[in-house]
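A quick write-up on the structure given underneath.
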Amino acid sequence: MSSDLLDILQARCLGNNQSLPAGCYTGEDMLKLEHEHVFGNGWVCLGRSDEIPQVGDFFTTTILDEPVLVVRDESAQVRVMSNVCRHRGMRLASGVGNTNRFRCPYHAWTYNLDGQLRNAPLMAGAVNKSECRLPALTTQCWGGFIFATLAADPLDLEAQLEPLQQEIQNYHLAEMHHLQTFEEVWNCNWKCLVENFIDGYHLSVVHPKSLKPLTPTNLCRKFAGDRAYTGYNAHYPDSAPERRGGHPDLTAKERRQSRLFCIFPALVVSVAADATAWLSLQPRGVDKVAVRWGLATSDSDLSDAEKRALIDKWQEINAEDHAILEQLQQGLNSSMFQGGALAPANFEGTVSEFHDYLIGCMQTGISQKSESGTTQASAIQ
Ligand code: FES
Ligand SMILES: [Fe+2]
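Numbering follows this note's numbering, with no gaps: position 184 of the sequence shown is 205.
Take a look at the structure:
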C-alpha cells in the first residue's frame with residue numbers, strides 16, 4: 022500500500038487525472054491513515070438537527086469507534102458527547118428517545134442533558150460531581166446537519182462551506198423537514214460510495230429507469246468545488262415533470278435541477294426543490310461502510326402516500342447503487358487493476374476533487390507528523 026500512496030501523490034503532482042489504485046480501496050494501512058488524517062481531523066456528519074426537535078430528544082451513534090450521544094439539551098442546543106459512563110465505561114444509552122437524564126444501566130450513575138454528573142449512588146464524598154462530566158465533542162450545525170469532530174483544533178466548517186451555501190441558498194436546506202432515517206452497512210469501501218454519489222457518469226447506466234428519465238448523465242454539469250466540498254448539477258430534461266413545492270426563492274432554473282455534492286470527507290447530499298436525500302458514511306473496515314441516510318422535504322405536510330413514494334424512490338436508487346458497489350469492491354480486490362482515466366469534469370471532475378482532498382489530508386498529516394518527530398514514511402512503509 023505504501024507504494025500505492027506514494028504513486029498517487031506523484032501522479033497528482035504530475036496532474037494525472039486517474040482513478041486511485043486498487044490498494045487504496047483494499048489496504049488496511051490506507052484505512053488506518055484515513056482514520057487518522059481524514060476522519061480524525063475532519064467534520065463528520067451525524068444526522069439532521071430536527072431528528073431531535075424537543076429538549077431531551079436524543080439519538081446514539083458513533084464517530085469512528087467512539088460511541089456518542091446526540092442530544093438537545095435544556096437550553097435547546099444540540100450537543101454531541103461521549104456515550105460512555107465515567108464510572109467504569111459502560112455505554113450509557115442506545116437507540117433513540119427522549120429523557121431528562123441519562124442513567125447508566127450498570128450502577129445507576131446519572132447525568133444531566135449537558136453531560137454533567139448528577140448522581141452517583143452510595144458514593145457521597147468519593148466523587149466530585151461538579152468536576153465529572155461526559156466529554157463533549159466540538160459540534161457545528163450547517164444546512165440542518167449536525168457535524169462533530171475529534172480534531173483538537175478544527176477548521177471552521179461554516180466558513181469553509183460559505184461558497185457552497187451561496188450556491189444552494191435558495192433551496193433553504195436548513196428549513197427542510199426531517200422525514201426518516203435509515204442505518205445500513207454496505208460491503209464496499211467508503212470512498213467508493215462517496216465517488217459513486219458525486220459521479221454523474223454512472224446515472225444513465227446504473228439507474229436506467231429510476232434516474233435516467235429525470236437526471237440523465239449527458240445533462241450533468243459540475244459546479245466549482247472548494248477545499249471542503251465538491252458537487253455537480255443534474256439538470257432535468259424537458260420531458261421530466263415539474264417538481265412540486267419548494268421554497269418561493271427558487272428560480273425556474275433551480276426547480277429543474279438537483280444539486281449533488283459531498284461535504285468532505287463523507288456526507289453526500291442530493292438537494293432538489295421538493296426533497297433532500299443525504300447519506301453520511303463512516304468506514305467499518307476496508308470493505309464495509311456504515312451508511313446513515315435520510316430524507317427531508319420542503320413540504321411538512323405530505324400525505325402518507327407521498328412520503329411512501331419518496332422513500333420507495335430513494336430505496337430503489339440506493340439498492341441499485343448498493344448492488345453495483347458490492348460488485349465494484351470485488352473488482353477492486355483484483356491485483357491486476359491499476360486505475361484508469363477519469364471522465365471529463367462534468368461527469369467525474371468531482372471524483373478528482375475528492376482525491377485532491379484526500380491527498381491534501383494525507384500530506385498535511387505527513388508533514389505534521391514529521392514536524393512532531395515521527396516520520397509518516399515509517400507509517401506507510
Ligand atoms: S459503569 Fe456506569 S455506573 Fe458503573
Ligand atoms: Fe447512483
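Ideal placement from N, C-alpha and C gives every residue a C-beta, glycine not left out. Nothing here was measured: the structure is a model prediction, and the numbers come from that model.
May I ask which residues mark the beginning and end of the alpha helix (DSSP H) holding residue i?
{"i": "residue 350", "result": "325-353"}
{"i": "residue 376", "result": "366-392"}
{"i": "residue 225", "result": "224-227"}
{"i": "residue 216", "result": "211-218"}
So is the beta-carbon of residue i under 7 Å away from any non-hydrogen atom of ligand 1?
{"i": "residue 122", "result": "no"}
{"i": "residue 110", "result": "yes"}
{"i": "residue 114", "result": "no"}
{"i": "residue 132", "result": "no"}
{"i": "residue 153", "result": "no"}
{"i": "residue 147", "result": "no"}
{"i": "residue 129", "result": "yes"}
{"i": "residue 213", "result": "no"}
{"i": "residue 241", "result": "no"}
{"i": "residue 125", "result": "yes"}
Quick check on residue i: buried or exposed, where buried means 16 or more other Cβ atoms within 10 Å of its Cβ?
{"i": "residue 393", "result": "exposed"}
{"i": "residue 232", "result": "buried"}
{"i": "residue 51", "result": "buried"}
{"i": "residue 116", "result": "exposed"}
{"i": "residue 398", "result": "In this prediction, residue 398 scores a pLDDT of 37, lower than 50, which makes its location untrustworthy; the coordinate-derived value is nonetheless stated afterwards. Residue 398 should be labelled exposed."}
{"i": "residue 243", "result": "buried"}
{"i": "residue 102", "result": "buried"}
{"i": "residue 44", "result": "buried"}
{"i": "residue 321", "result": "exposed"}
{"i": "residue 54", "result": "buried"}
{"i": "residue 308", "result": "buried"}
{"i": "residue 396", "result": "Confidence in residue 396 is poor, its pLDDT being 41 and thus under 50, which makes the residue's placement too unreliable to answer from."}
{"i": "residue 126", "result": "exposed"}
{"i": "residue 120", "result": "exposed"}
{"i": "residue 249", "result": "buried"}
{"i": "residue 346", "result": "buried"}
{"i": "residue 388", "result": "exposed"}
{"i": "residue 183", "result": "exposed"}
In whole angstroms, give me the CA-to-CA distance for residue i and residue j.
{"i": "residue 384", "j": "residue 58", "result": "9 Å"}
{"i": "residue 139", "j": "residue 49", "result": "42 Å"}
{"i": "residue 259", "j": "residue 275", "result": "14 Å"}
{"i": "residue 146", "j": "residue 95", "result": "27 Å"}
{"i": "residue 221", "j": "residue 343", "result": "16 Å"}
{"i": "residue 207", "j": "residue 215", "result": "12 Å"}
{"i": "residue 72", "j": "residue 326", "result": "21 Å"}
{"i": "residue 291", "j": "residue 122", "result": "36 Å"}
{"i": "residue 454", "j": "residue 104", "result": "The structure shown does not extend to residue 454, since the chain is modelled only from 22 through 402, so no value can be given for it."}
{"i": "residue 302", "j": "residue 148", "result": "38 Å"}
{"i": "residue 230", "j": "residue 107", "result": "52 Å"}
{"i": "residue 334", "j": "residue 157", "result": "37 Å"}
{"i": "residue 358", "j": "residue 40", "result": "10 Å"}
{"i": "residue 223", "j": "residue 163", "result": "29 Å"}
{"i": "residue 287", "j": "residue 211", "result": "8 Å"}
{"i": "residue 99", "j": "residue 235", "result": "36 Å"}
{"i": "residue 414", "j": "residue 354", "result": "Outside the modelled stretch of the chain, which goes from 22 to 402, sits residue 414, for which no answer is possible."}
{"i": "residue 310", "j": "residue 209", "result": "6 Å"}
{"i": "residue 204", "j": "residue 67", "result": "11 Å"}
{"i": "residue 88", "j": "residue 78", "result": "17 Å"}
At what residues does the beta strand (DSSP E) containing residue i begin and finish?
{"i": "residue 90", "result": "87-93"}
{"i": "residue 38", "result": "That residue, residue 38, is in no beta strand (DSSP E); it is neither H nor E in DSSP."}
{"i": "residue 78", "result": "78-84"}
{"i": "residue 51", "result": "Segment 49-54 is the alpha helix (DSSP H) holding residue 51; no beta strand (DSSP E) there."}
{"i": "residue 200", "result": "198-207"}
{"i": "residue 178", "result": "Per DSSP, residue 178 belongs to no beta strand (DSSP E); it is in the alpha helix (DSSP H), 178-181."}
{"i": "residue 253", "result": "250-256"}
{"i": "residue 119", "result": "117-119"}
{"i": "residue 160", "result": "159-163"}
{"i": "residue 282", "result": "278-284"}
{"i": "residue 304", "result": "296-304"}
{"i": "residue 66", "result": "65-69"}
{"i": "residue 291", "result": "288-292"}
{"i": "residue 406", "result": "Any property of residue 406 remains undetermined from this structure, which presents the chain solely from 22 to 402."}
{"i": "residue 243", "result": "241-247"}
{"i": "residue 140", "result": "138-140"}
So residue i and residue j are supposed to be a Cβ contact under 8 Å. How far apart are they, rounded?
{"i": "residue 363", "j": "residue 133", "result": "About 51 Å separates the two Cβ atoms, so there is no contact after all."}
{"i": "residue 175", "j": "residue 159", "result": "6 Å"}
{"i": "residue 341", "j": "residue 198", "result": "The Cβ separation is near 26 Å, so there is no contact."}
{"i": "residue 171", "j": "residue 297", "result": "Actually they do not touch by this definition, with Cβ atoms about 26 Å apart."}
For ligand 2, is there any heavy atom lying closer than 7 Å to the beta carbon of residue i?
{"i": "residue 226", "result": "no"}
{"i": "residue 343", "result": "no"}
{"i": "residue 56", "result": "no"}
{"i": "residue 217", "result": "yes"}
{"i": "residue 380", "result": "no"}
{"i": "residue 198", "result": "no"}
{"i": "residue 284", "result": "no"}
{"i": "residue 223", "result": "yes"}
What do you reckon, is the C-beta of residue i under 7 Å from a heavy atom of ligand 4?
{"i": "residue 376", "result": "Annotation note on ligand 4: not contained in the displayed structure, which lists ligand 1 and ligand 2 as its ligands."}
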